[in-house]
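Read the structure below first, then the notes.
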Amino acid sequence: MYDYPDKNGHFGPYGGIYVAETLMGALDELNQAYEKYRHDPEFIAELNYDLKHYVGRPSPIYHARHLSEHLGGAQIYLKREDLNHTGAHKVNNTVGQALLAKRMGKKRVIAETGAGQHGVATATVAARYGMECVVYMGAVVPVESGSRTLKDALNEAMRDWVTNIENTFYIIGTVAGPHPYPMMVRDFNAIVGKEAVVQMPELAGRQPDAVIACVGGGSNAMGVFYSYIDMPGVKLIGVEAGGRGVSSGEHAAPLTTNSPVGVLHGNKTYLMQDENGQIIETHSISAGLDYPGVGPEHAWLKDSGRAEYVAINDDEALRAFHDLCHFEGIIPALESSHALAHAMKIAPTMGKDKVLLVNLSGRGDKDINTVAHLSGITL
Amino acid sequence: MSRIQTTFDKLKQHQRKALIPFFTAGDPNPALTVPLLHALVEAGADIIELGVPFSDPMADGPTIQRASERALKHHVGLHHVLDMVAEFRRSDAETPIVLMGYGNPIEAMGWETFARRCAEVGVDGVLTVDFPPEESHEAFAHLTKHGIDPIFLIAPTSSDARVELVARQARGYVYYVSLKGVTGAGHLDLAAIEAKIPQLRKHIQLPIGIGFGIRDAATALAVAKLSDGVVVGSRIVQEIEDSTEQNVVANVSKLVRELRQAVDQA
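Listed below in structure tokens is the structure:
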């Protein structure tokens, strides 16, 4: 049985709690609260109620027949996280953390956001539970430092947290950060894989040959992977942002490129950095994948060989975006388009009886302007 | 006996408190780092905390972040900082130097190499902001093996159990962060510091330095009365930022002299 992390938040050599002493008290408090409530029947009942009636779960699985026929190989199924309230998987986690914050008596929540989806999902649940909310994003509360990416938003949110630690709960949006965040965010997103394990036999008659998900920090991937880890017949494939190509250096694919291991944002993981240990700038068409590190559990799944990691370039993701619109009338987020692009790449090499499950982690309305611009379309 | 211990012992004999200024290596210009180190000593610094620039200084406020950015524009890396200490040591064999920064540049160099180099060039202590006792046991074993003191932070939010945990691993001195927040933020709550000190003394035999939020002679004096040493960081970095390359050494010297006078009244 897969049983990670250990009690100190380590996934093999990865993860842990690498933060200043000023945050340790708050993390102890969070750890205790999460341990207390994660198996508490009342907490679980309230969470499940809101996941059903507020988020709209379970999300369906959809057989992309037209696209699969066009590709002429494996059958592609989509886990429709794009149909959740707020349009992405992010809300699964923010509902969970906000309910925890409520029990801990925190009246203010903060969040970082790259693509905006986690920011929206946090602001939404803050309204739902009557909490004050501040979101750090390049364009919302302009991050004054650095190149205004997800990384800088995370830095700013951490600074806010350490300053307002008594009344503030930091809702981290991905499976990174100090323990217990990687575990907790995974647990709240694991509903995705739990549903898929039940839905796939109903719809496809069996479990998939491979589960494919995009990986920035890696929360949607951990969510859909987690229930499949102990099923050795199901391949797990994480798709990183290849940007302008992994050989160009302009990408956000630390796992695929075997970046050196380092410490950032509270955990040890594969990290894009220079020879002096300075974090380097990343590039991706998709803001949500534009991150120099990756959740420590993915680092461990890579090393242990349980999951494999590949990269999809900007232009391949863009093509997948158009193809899903064209063949199925579904607009995928640019993040999710990376996972889809990889499925479309391998499907034609597989038999028609093979089954691929793609986590369609978010909808792409937010990306329409970017895509139009890149495709030379005037809206 | 380490240079840090010798320094505190000597201060104690003379009933004085330590003045511990901080600035970032390579700021505003790598050529000015060694002159600034010597100027600080001349102006009355007992120990110097030398910042190692990092791209993502999460526990620091905007002032020290900008110092890191200025140094990184000159591509100042950890090995440069070690070279600067080596140069400083050629004409100063006494003043302890503590490197302060984040863990990743050291991870990239490797802890064993780093610790050996520290011993070679004459670094006395290392404070890694994002390596709490839980994660630093193995890494810091390399430091103590080479006679380098691991310096730890204690925060207002540190529980009794955590103070004890730090006390077991710390060497040299312990750095008490006097306010919640990032470096350079907010206002000091002297009553809160005074109330916390007995809890720290219960577990910590080492000297206690206090820093974060010390902005002038008055706050330096007030904090000196409560502790064994006063750490001044953002205020000095601000002075560097507000100066030109021509007058920065003179301006910083003047500031540190004022702080010295204040601390000596404690």
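Keeping their order, the protein sequence lines are chains A and B. Going by our numbering, the first sequence wraps up at 380, each residue one higher than the last. Going by our numbering, the second sequence wraps up at 268, each residue one higher than the last. Don't be surprised by glycine CBs; every beta carbon is placed ideally from N, CA and C.
Just verifying my parser: in three-state terms, what is the DSSP assignment at residue i?
i                 : result
Thr130 of chain B : strand
Asp151 of chain B : strand
Gly63 of chain B  : coil
Gln274 of chain A : strand
Gly79 of chain B  : coil
Lys12 of chain B  : helix
Leu358 of chain A : strand
Ala27 of chain A  : helix
Tyr292 of chain A : coil
Ala124 of chain A : helix
Met223 of chain A : helix
Pro6 of chain A   : coil
Asn156 of chain A : helix
Thr364 of chain A : Looking at the sequence provided, one finds Arg at residue 364 of chain A rather than Thr. The answer is strand: DSSP assigns Arg364 of chain A an E or B state.
Gln112 of chain B : As written in the sequence, residue 112 of chain B is Gly, which differs from the Gln given in the question. Gly112 of chain B falls in the coil class under three-state DSSP.
Gln76 of chain A  : strand
Leu257 of chain B : helix
Met102 of chain B : strand
Pro14 of chain A  : coil
Arg129 of chain A : helix
Val264 of chain A : strand
Thr1 of chain A   : Absent from the model: residue 1 of chain A. The displayed extent of chain A is 2 to 380, so no value can be given.
Arg39 of chain A  : coil
Ala254 of chain A : coil
What first and last residue would you give for the beta strand (DSSP E) that runs through residue i?
i                 : result
Pro233 of chain A : That residue, Pro233 of chain A, is in no beta strand (DSSP E); it is neither H nor E in DSSP.
Phe24 of chain B  : 20-26
Phe56 of chain B  : Taken as a continuous stretch (DSSP letters only), Phe56 of chain B belongs to no beta strand (DSSP E), as it is neither H nor E.
Arg307 of chain A : Per DSSP, Arg307 of chain A belongs to no beta strand (DSSP E) and is neither H nor E.
Thr371 of chain A : Looking at the DSSP string, Thr371 of chain A is not in any beta strand (DSSP E); the run it does join, the alpha helix (DSSP H), is 369-375.
Leu208 of chain B : Taken as a continuous stretch (DSSP letters only), Leu208 of chain B belongs to no beta strand (DSSP E), as it is neither H nor E.
Ala205 of chain A : Where Ala205 of chain A is concerned, there is no enclosing beta strand (DSSP E), although the alpha helix (DSSP H) it sits in stretches over 192-205.
Ile347 of chain A : First-last for Ile347 of chain A: 335-347, but that is the alpha helix (DSSP H), not the beta strand (DSSP E).
Is residue j closer than 9 Å to residue i when the C-beta atoms are compared?
i                 : j                 : result
Gln201 of chain B : Val165 of chain B : yes
His81 of chain B  : Arg119 of chain B : yes
Val233 of chain B : Ile212 of chain B : yes
Ala127 of chain A : Ala334 of chain A : no
Gln76 of chain A  : Lys353 of chain A : yes
Ala205 of chain A : Tyr229 of chain A : no
Lys12 of chain B  : Asp230 of chain B : no
Pro209 of chain A : Val235 of chain A : yes
Gly289 of chain A : Gly224 of chain A : no
Leu21 of chain B  : Ala193 of chain B : no
Pro23 of chain B  : Arg72 of chain B  : no
Arg109 of chain A : Phe170 of chain A : yes
Asp254 of chain B : Ser245 of chain B : What sits at residue 254 of chain B in the sequence shown is Val, not Asp. It is a contact, given that the beta carbons lie within the stated cut-off.
Ile332 of chain A : Asp366 of chain A : yes
From which residue to which residue does the alpha helix (DSSP H) around residue i run?
i                 : result
Arg320 of chain A : 315-329
Val168 of chain B : 162-171
Arg92 of chain B  : First-last for Arg92 of chain B: undefined, no H or E at that position.
Val239 of chain B : 236-244
His64 of chain A  : First-last for His64 of chain A: 62-64, but that is the beta strand (DSSP E), not the alpha helix (DSSP H).
Ala222 of chain B : 219-228
Roughly how many angstroms separate the alpha carbons of residue i and residue j, rounded to a whole number?
i                 : j                 : result
Thr283 of chain A : Leu272 of chain A : 11 Å
Ile99 of chain B  : Val125 of chain B : 5 Å
Asp191 of chain B : Lys227 of chain B : 14 Å
Gln267 of chain B : Phe12 of chain A  : 52 Å
Met102 of chain B : Gly53 of chain B  : 5 Å
Asn316 of chain B : Gly244 of chain A : No answer is possible for residue 316 of chain B: it lies beyond the span of chain B, which begins at 3 and ends at 268.
Asn165 of chain A : Thr185 of chain B : 14 Å
Gly149 of chain B : Arg173 of chain B : 10 Å
Ala344 of chain A : Tyr130 of chain A : 38 Å
Asp58 of chain B  : Val356 of chain A : 42 Å
Glu113 of chain A : Gly215 of chain B : 26 Å
Leu181 of chain B : Ile49 of chain B  : 22 Å
Gly267 of chain A : Ala321 of chain A : 34 Å
His144 of chain B : Tyr15 of chain A  : 20 Å
Leu361 of chain A : Ala214 of chain A : 8 Å
Phe25 of chain B  : Leu42 of chain B  : 10 Å
(message) If the cut-off is 9 Å on Cβ atoms, which residues from the segment 17-29 of chain A count as contacting chain B, listed in chain order?
(response) Residues Gly17, Ile18, Tyr19, Val20, Ala21, Glu22, Thr23, Leu24, Met25, Gly26, Ala27, Asp29.
(message) To be precise: take each residue of the segment 48-60 of chain B, compare its Cβ to all Cβ atoms of chain A, and keep it if any distance is under 9 Å. Which residues remain?
(response) Near chain A, meaning a CB-to-CB distance below 9 Å, the residues of the segment 48-60 of chain B are Pro55, Phe56, Ser57, Asp58, Pro59, Met60.
(request) Taking a Cβ distance cut-off of 9 Å, strictly less, list which residues of the segment 241-272 of chain A are near chain B, in chain order. (result) Look at the segment 241-272 of chain A: the residues with a C-beta under 9 Å from a C-beta of chain B are Pro261, Val262, Gly263, Val264, Leu265, His266, Gly267, Lys269, Leu272.
(message) Residues of the segment 161-182 of chain A in Cβ contact with chain B at a cutoff of 7 Å, in chain order, please.
(response) Per Cβ criterion, the list reads Val163, Thr164, Ile166.
(request) Note down, in chain order, all residues in the segment 104-135 of chain B with a beta-carbon under 8 Å from any beta-carbon belonging to chain A. (result) Under the 8 Å Cβ criterion, the segment 104-135 of chain B contributes Tyr104, Gly105, Asn106, Pro107, Ile108, Glu109, Ala110, Met111, Val131, Asp132, Phe133, Pro134.
(request) Could you please tell me which residues of the segment 33-66 of chain A, in chain order, have their CB closer than 9 Å to any CB of chain B? (result) Within the segment 33-66 of chain A, contact with chain B at the beta-carbon level (separation under 9 Å) is assigned to no residue.
(request) Report the residues of the segment 155-184 of chain B with a CB closer than 7 Å to any CB of chain A, ordered along the chain. (result) Closer than 7 Å at the C-beta level to chain A, one finds these residues of the segment 155-184 of chain B: Leu155, Ile156, Ala157, Thr159, Ser160, Ser161, Arg164, Val179, Lys182, Gly183, Val184.
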